[in-house]
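Count along the sequence shown from 1, add 358, and you get the number used in our numbering.
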Amino acid sequence: MSIRQYLIEANSPLEMSRFADFSSQLKKQYKTLDGYAFDFNSKDVSAIKFYYKIYTKDNKFDNNFFRWFLQNDMFYYAFKGYYNPLFSEVSHRGLTGINFAIKNNIKSKQIIKSIYFRTSNTSSLVINSDGVNTWTNNYYYIYNSIIIKLINKLFKLNMPKHQEAIELSIRRRTVHASIFPRFNRASLDLEQSKKYCSNLMPGMIIDNSLPAQNIPLTIHCHDMNSSFITKGYTSNNEMQKIYFGCFDWKKSIFKN
Numbered sequence: 359m360s361i362r363q364y365l366i367e368a369n370s371p372l373e374m375s376r377f378a379d380f381s382s383q384l385k386k387q388y389k390t391l392d393g394y395a396f397d398f399n400s401k402d403v404s405a406i407k408f409y410y411k412i413y414t415k416d417n418k419f420d421n422n423f424f425r426w427f428l429q430n431d432m433f434y435y436a437f438k439g440y441y442n443p444l445f446s447e448v449s450h451r452g453l454t455g456i457n458f459a460i461k462n463n464i465k466s467k468q469i470i471k472s473i474y475f476r477t478s479n480t481s482s483l484v485i486n487s488d489g490v491n492t493w494t495n496n497y498y499y500i501y502n503s504i505i506i507k508l509i510n511k512l513f514k515l516n517m518p519k520h521q522e523a524i525e526l527s528i529r530r531r532t533v534h535a536s537i538f539p540r541f542n543r544a545s546l547d548l549e550q551s552k553k554y555c556s557n558l559m560p561g562m563i564i565d566n567s568l569p570a571q572n573i574p575l576t577i578h579c580h581d582m583n584s585s586f587i588t589k590g591y592t593s594n595n596e597m598q599k600i601y602f603g604c605f606d607w608k609k610s611i612f613k614n
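Right, dumping it as C-alpha cells:
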C-alpha cells in the first residue's frame with residue numbers, strides 16, 4: 359500500500375494528509391525535499407513522521423503552509439525567537455536546510471509539529487509543539503568512530519557496524535541515535551546523495567532489525583518516489599526508526 363493508503367488504515371488525524379498536500383506549493387516556491395519516517399518495535403509501527411527540508415535564506419515564512427503550520431502562537435514566537443537566517447547556510451557537516459516535521463503517535467493519535475535547524479556544525483535545535491505546549495531539545499552530530507562505538511555499546515543501541523556519523527539526542531531518559539550519512543551536503547548533488555544512501559541500505563535493513571520493519575519497507579516499495587535515507591536506534595533497542603525521502607526538487611514522495 360502507498361503512504362496515503364496507510365494513513366487511512368492507521369486512522370491518522372487529517373493533519374498528516376494536510377501537511378503532505380503542501381508539497382507542490384513548497385516545491386514551486388522553494389528548494390524543497392520531502393520524506394517520511396517510521397518508528398517501529400518488534401510488533402508494529404508506533405509512529406509516522408512526515409517532513410519537509412527547505413533551503414532558503416528568506417526569513418519571512420509567509421505562505422499558506424507556514425501560516426497553517428505555525429498557527430499556535432507560542433510555537434510561532436519560539437521559532438522567530440530562536441531562528442537566525444545564518445543557520446540556513448549550507449554546510450558540508452551537520453544538519454542542512456530548515457526542517458519542518460509532523461509526527462503522529464498511532465496509538466494515542468497525538469500530533470507533534472517540529473522545526474529543526476542547524477546551530478553549529480555539531481548541533482541543531484528542535485522546537486516542538488503539541489498544540490498546547492511548546493518545548494525544545496537538541497541534537498548532536500558525532501563523527502569520531504571510537505566514540506560512536508562506545509555510545510553504541512554503552513547504551514545498547516544495537517546499531518550495525520558502519521563508517522558514518524550519528525545524530526544523537528536524549529529524550530525522556532531514552533538515547534536516540536540515527537546513523538548520519540557522510541555524503542557531501544554542501545554540494546546539494548541529489549543523485550550522488552541518493553546513491554550514497556542506497557549503498558548503505560542493505561547492511562542497515564538486514565543487520566539487527568526488528569520484525570515490524572517490514573511494514574515501512576512495503577510502503578517504501580510501493581511509493582515510486584521513495585528512496586532509503588537511513589535508520590535510527592534507541593537505548594536497549596526498545597524501538598528503531600527508518601527514514602525515506604524523495605531526492606528530487608520537483609517530484610514528491612507523497613505523490614506517485
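Ideal Cβ placement from N, Cα and C applies to all residues, glycine included. Everything numeric in this text was worked out from a predicted model, so none of it was measured.
Would you please verify whether the beta carbon of I577 is less than 8 Å from any beta carbon of chain C?
Going by chain labels, chain C is absent from the structure shown, which holds only one protein chain.
By DSSP's criteria, Q598 is part of a beta bridge. Which residues make up the other side?
Translated into the one-based positions of the sequence shown, residue 598 becomes position 240. Its beta-bridge partners are F398, Y591.
Return the first residue and the last residue of the beta strand (DSSP E) that H534 is part of.
Taking the first residue of the sequence shown as 1, we reach residue 534 at position 176. It spans 532-538 - the beta strand (DSSP E) in which H534 sits, taken as one unbroken run.
Could you please give the first and the last residue of the uninterrupted alpha helix (DSSP H) stretch that includes S556?
For the purposes of this step, residue 556 is identified with residue 198 of the sequence shown, where counting begins at 1. Element bounds for S556: 548-564.
Would you be able to state if there are at least three C-beta pairs under 8 Å between the segment 565-572 and the segment 521-528?
Result no; under three Cβ-Cβ pairs closer than 8 Å.
Do F612 and F602 have their C-beta atoms within less than 8 Å of each other?
Here the question's residue 612 lines up with position 254 in the sequence shown. Here the question's residue 602 lines up with position 244 in the sequence shown. No; because the gap between Cβ atoms is not below 8 Å, this pair is not in contact.
Assign M517 to one of two classes, buried (16 or more other C-beta atoms within 10 Å of its C-beta) or exposed (fewer than that).
Taking the sequence shown and counting its residues from 1, one reaches residue 517 at position 159. Under this definition M517 is a buried residue.
Please say whether I460 and I469 have beta carbons closer to each other than 8 Å?
The residue labelled residue 469 in the question sits at position 111 within the sequence shown. The residue labelled residue 460 in the question sits at position 102 within the sequence shown. Cβ distance < 8 Å, so I469 and I460 count as in contact.
By the 10 Å Cβ neighbour count, where 16 or more other Cβ atoms means buried, how is C579 classified, buried or exposed?
For the purposes of this step, residue 579 is taken as residue 221 along the sequence shown, with counting starting at 1. Counting Cβ neighbours within 10 Å, C579 comes out exposed, since fewer than 16 surround it.
Between the Cα of S478 and those of F377, G590, Y498, spot the shortest distance and give me the residue it belongs to.
Reading the sequence shown from its first residue, position 120 is the one you call residue 478. For S478, the nearest C-alpha among the options comes from Y498.
Tell me, please, whether the segment 481-493 touches the segment 435-444 by the rule of three or more beta-carbon pairs shorter than 8 Å.
Segments in contact, yes.
Buried or exposed: which applies to S466, given that a residue is buried once 16 or more other Cβ atoms fall within 10 Å of its Cβ?
As a working note, residue 466 is residue 108 in the sequence shown. By the 10 Å Cβ count, S466 comes out exposed.
Which partner residues does D392 have in the DSSP bridge list?
Mapped onto the sequence shown, residue 392 falls at position 34. For D392, which the question treats as bridged, DSSP gives the partners Y410, C604.
Report the three-state DSSP secondary structure of E525 (helix, strand or coil).
Locating residue 525 in the sequence shown gives position 167, where the first residue counts as 1. Strand.
Could you spell out where the alpha helix (DSSP H) holding A436 opens and where it closes?
Residue numbering aside, residue 436 sits at position 78 when the sequence shown is read from its first letter. Where A436 is concerned, the enclosing alpha helix (DSSP H) stretches over 431-440.
List the endpoints of the continuous beta strand (DSSP E) containing S472.
The residue given as residue 472 occupies position 114 in the sequence shown. S472 -> beta strand (DSSP E) spans 469-478.
Count the other CB atoms, across all protein chains shown, that sit within 10 Å of the CB of P560; report buried if there are 16 or more and exposed otherwise.
The residue labelled residue 560 in the question sits at position 202 within the sequence shown. Its Cβ having fewer than 16 others within 10 Å, P560 is exposed.
Just to confirm before moving on: does the CB-CB distance between I537 and V403 stay below 8 Å?
If you number the sequence shown from 1, residue 537 lands on position 179. If you number the sequence shown from 1, residue 403 lands on position 45. Cβ distance not < 8 Å, so I537 and V403 don't count as in contact.
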